[in-house]
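Here the structure is laid out as structure tokens; the discussion comes afterwards.
2 protein chains.
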Amino acid sequence: MSYSIKEVANMMNVVPSTLRYYDSMGLLPNIKKVNGRRVFEDKDFKWLRVLNCMKNINMPISKIKEYVELAQEGDSTLKERYNMILEQKKIIEKELKALEDCYKEFEYKEWYYETAIKAGTEKVVENITSTLPTLEIDKIPKNERKDEK
Amino acid sequence: MSYSIKEVANMMNVVPSTLRYYDSMGLLPNIKKVNGRRVFEDKDFKWLRVLNCMKNINMPISKIKEYVELAQEGDSTLKERYNMILEQKKIIEKELKALEDCYKEFEYKEWYYETAIKAGTEKVVENITSTLPTLEIDKIPKNERKDEK
DNA sequence: TATTGACTTAAAGTTCACTTTAACTTGTAT
DNA sequence: ATACAAGTTAAAGTGAACTTTAAGTCAATA
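As given, the protein sequences belong to chains A and B, one line each in that order.
Throughout the first sequence, residue numbering follows this note's numbering, covering 1 to 149 in sequence.
Throughout the second sequence, residue numbering follows this note's numbering, covering 150 to 298 in sequence.
As structure tokens, this is what we get:
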């Protein structure tokens, strides 16, 4: 099967011009062209899935491009790519942790507003909040902070 | 206890000018000023934690500002704020799901490169990948896709 | 044959979230 | 007294990731 740029854009939940932009940045190597038009084939989706994933974790285009270029060079770059994957995995782990902490904060806020709405005022709830556990902001270790010298 | 802008910036892992920018955008209401200088107090950290959290989930500044303005208006906006929280909770849930799927993809990639490096070539692994489960990109329901008409 | 619709490129424009700069004020240390 | 460090504002600058525009190509249909 083959797919037009519009079809693939729909699958990835972006507009066609975004895919053209990615292509112009070198993120879509080896895409077939027929009469000057991009034709996506089943084999391309293996990479599109990874690309979609890299975009989801806000990996910068420059970094994705770097990965693409290494992949183009073949087996000699296996270790480098492996290391990139390990590094990104760590970044995802951090992001997941941050998101989970935020989720907890929002779960608390949900309860906060439910309680406040029942009482008709948040004055009541505000006093309870003082017993909240400390959150991410308090847990950032000194040595990981910016602007320290 | 009171804290300078630099101290608070360190705690939030940003630079002072970022906090000044947030302030200029209305994200830091009711911050005390002494001799024209911002002085952060313990009571401010309740909001700073929430702000930190909202930034973590990439909530746009305009939306955060909206929330701040509602909070400034007092109890009459409790329901509106409650709904914003519920909406954001849903967004976090989606983001968490996407991140988890990406994590799986990267776990697979880790195995992929470990196998390829052992074999000295990725040719061997490429054949195995065909049996991989489909990922997020294939699961996006038609009606949630952009550019459809 | 003419029109329509989906594509193409190159280049300019937009948005967002900072970041930097320049000129200035204030409190503390020498 | 003077210099320094750390803060201040307003305004201009930056970088990333698109998005739009303008002008054109091509294949299928009226």
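No residue lacks a Cβ here, since even glycine has one placed at the ideal position from N, Cα and C.
Interface annotation, A/N56: in contact with chain B, CB-CB separation under 9 Å. With respect to the 9 Å criterion, A/I117 and B/Y152 are not classified as neighbours on the basis of their beta carbons.
It is roughly 43 Å from the alpha-carbon of A/L99 to the alpha-carbon of A/G36. Ranking A/S76, A/M12, A/E107, A/L78 by CA distance to the CA of A/K46 puts A/M12 first.
When the beta-carbon positions are compared, A/K6 and B/I234 stay at least 9 Å from each other. Partner residues in a beta bridge of B/Y231, as assigned by DSSP, do not exist. Residues of chain A whose Cβ lies closer than 7 Å to the Cβ of B/E271 are, in chain order, D75, L78. The shortest CA-to-CA distance from B/S173 to any of B/K204, B/S225, B/I210, B/N205 is the one to B/I210. For A/K90, no pairing in a beta bridge is given by DSSP. Secondary structure at B/V163: coil, using DSSP grouped into helix, strand and coil.
DSSP places B/K192 outside both helix and strand once states are collapsed to three, so it counts as coil. Fewer than three pairs of CB atoms, one per stretch, sit closer than 8 Å, so the segment 66-78 of chain A makes no contact with the segment 216-224 of chain B. Rounded to whole angstroms, the separation of the alpha carbons of A/E41 and A/K104 is 42 Å. B/S225 carries a helical assignment under DSSP once its states are collapsed to helix, strand and coil. Taking CB atoms only, B/Y171 has no neighbour in chain A less than 9 Å away. Within the segment 31-55 of chain A, the residues whose Cβ lies closer than 7 Å to some Cβ of chain B are K46, L48, R49, V50, N52, C53, listed in chain order. When 9 Å is used as the limit between beta carbons, A/K97 is near no residue of chain B, the shortest such separation being about 10 Å. Secondary structure of A/S4 (DSSP, three-state): coil. It is roughly 20 Å from the alpha-carbon of B/S225 to the alpha-carbon of A/F106.
In the DSSP assignment, B/I277 falls within the alpha helix (DSSP H) that extends over 272-277.
For A/I117, a Cβ of chain B is located within less than 9 Å of the residue's own Cβ.
At a cut-off of 9 Å between C-beta atoms, A/L70 does not count as an interface residue with respect to chain B. Of the other Cβ atoms in all chains shown, fewer than 16 fall within 10 Å of the Cβ of A/E93; this residue is therefore exposed. For B/K238, the closest Cβ of chain A is nearer than 9 Å.
In the assembly as shown, A/M54 is a buried residue. Its beta-carbon has 16 or more other beta-carbons within 10 Å.
Chain A has no Cβ within less than 9 Å of the Cβ of B/I277. Sorting B/V199, B/I206, B/L168 by C-alpha distance to the C-alpha of B/K239 places B/I206 at the top. Contact with chain B is found for A/E93, since one of that chain's Cβ atoms lies less than 9 Å from the residue's Cβ.
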